[in-house]
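In terms of the numbering used here, the sequence shown opens at residue 5 and continues consecutively.
Report on the following structure.
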Amino acid sequence: MSTAIITTSVEQTMALGRLLGDLAPPGACIALDGILGAGKTQLVRGMAVGAQVEDCSLVCSPTYCLLNIYRADARRTGSKTLYHLDAYRVLDADQFAAVGFEELLEQRGLVVLEWASRVPSLLPHDHLAIVGTVEAEFSRRWCMRAGGPVSHRLLETAAAVWSQRSAND
Ligand SMILES: Nc1ncnc2c1ncn2[C@@H]1O[C@H](COP(=O)(O)OP(=O)(O)OP(=O)(O)O)[C@@H](O)[C@H]1O
Ligand SMILES: [Mg+2]
């Protein structure tokens, strides 16, 4: 299954991220791609809010440290730890193996990887692939494709909620 959603502001991109972060089941993997400035980190900021991490105001690009961890808030049911990775400066998949990527996938949190196409061999088959493109100054197109049943369900539900909301606006 694949679908495309257009956002026309940073706030809308964050709202899309929030929806995905909320609906993503524990253990889900989301792979982000798109040029510099496409808005991947903005989308992840929204995901942190949706996943109800402890301090979602801290989310920034992990470009220089490969991995940022935002802990689940123990006081909230449904809260998930967000593992935010960035493969932009990664030389090869081994560097990612070194941060324990495989283990992260087993933590029942939400694993989100920017520049995922640089390490395709590491991605689990069942991941949600999202590619962001710049349509205009404030307009972004998010092409999303599900790789297996878990990401399919996530994408189907998110797309349905999004179109319902858009129809109500
Ligand atoms: N609709 C939009 N959605 C997201 N970002 C937008 C939008 N419109 C404008 N922007 C701007 O685009 C930039 C996106 O930056 P962001 O760091 O999220 O990109 P990125 O894809 O993570 O880049 P990088 O590959 O460098 O990490 C921000 O400056 C943001 O203000
Ligand atoms: Mg980024």
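Glycine is no exception: its CB is placed at the ideal position from the N, C-alpha and C atoms.
For residue i, count the other beta carbons within 10 Å of its own beta carbon; 16 or more makes it buried, fewer makes it exposed. Which is it?
i	result
Cys134	Correcting the residue identity first, residue 134 is Ile in this sequence and not Cys. Answer is buried; the Cβ neighbour count reaches 16.
Gln46	buried
Leu89	buried
Ile39	exposed
Ala28	buried
Going straight from the alpha carbon of residue i to that of residue j, what length do you get?
i	j	result
Ala42	Trp146	9 angstroms
Ala52	Leu114	9 angstroms
Asp173	Trp166	11 angstroms
Ser83	Val116	15 angstroms
Thr7	Arg149	7 angstroms
Thr17	Ser61	16 angstroms
Ser143	Ser13	6 angstroms
Asp26	Ala55	5 angstroms
Leu159	Arg169	15 angstroms
Ala78	Asp59	12 angstroms
Contact check, residue i vs residue j under 8 angstroms by CB: the rounded distance?
i	j	result
Leu86	Val57	5 angstroms
Asp37	Ser125	No, Asp37 and Ser125 are not in contact; Cβ-Cβ is about 15 angstroms, not under 8 angstroms.
Pro128	Cys64	With a Cβ gap of about 25 angstroms, Pro128 and Cys64 do not count as contacting.
Taking 8 angstroms as the threshold (beta carbon to beta carbon), is residue i in contact with chain B?
i	result
Glu160	Absent from the structure is chain B; it holds one protein chain and no more.
**Asked** Counting by C-beta, which residues lie closer than 6 angstroms to a heavy atom of ligand 2, in chain order?
**Response** Close to ligand 2, as judged by a C-beta nearer than 6 angstroms to any of its heavy atoms, are the residues Lys44, Thr45, Ser65 and Glu118, in chain order.
**Request:** Just list the beta strand (DSSP E) runs in the segment 6-74, keeping only unbroken ones of 3 residues or longer that don't cross its boundaries, in chain order.
**Result:** Fully enclosed beta strand (DSSP E) runs of no fewer than 3 residues occupy 6-11, 32-37 and 71-74 of the segment 6-74, in order along the chain.
**Item:** Those runs of the beta strand (DSSP E) which lie wholly inside the segment 100-165 and span at least 3 residues
**Value:** DSSP runs (the beta strand (DSSP E)) wholly in the segment 100-165: 114-118, 132-140 and 143-150.
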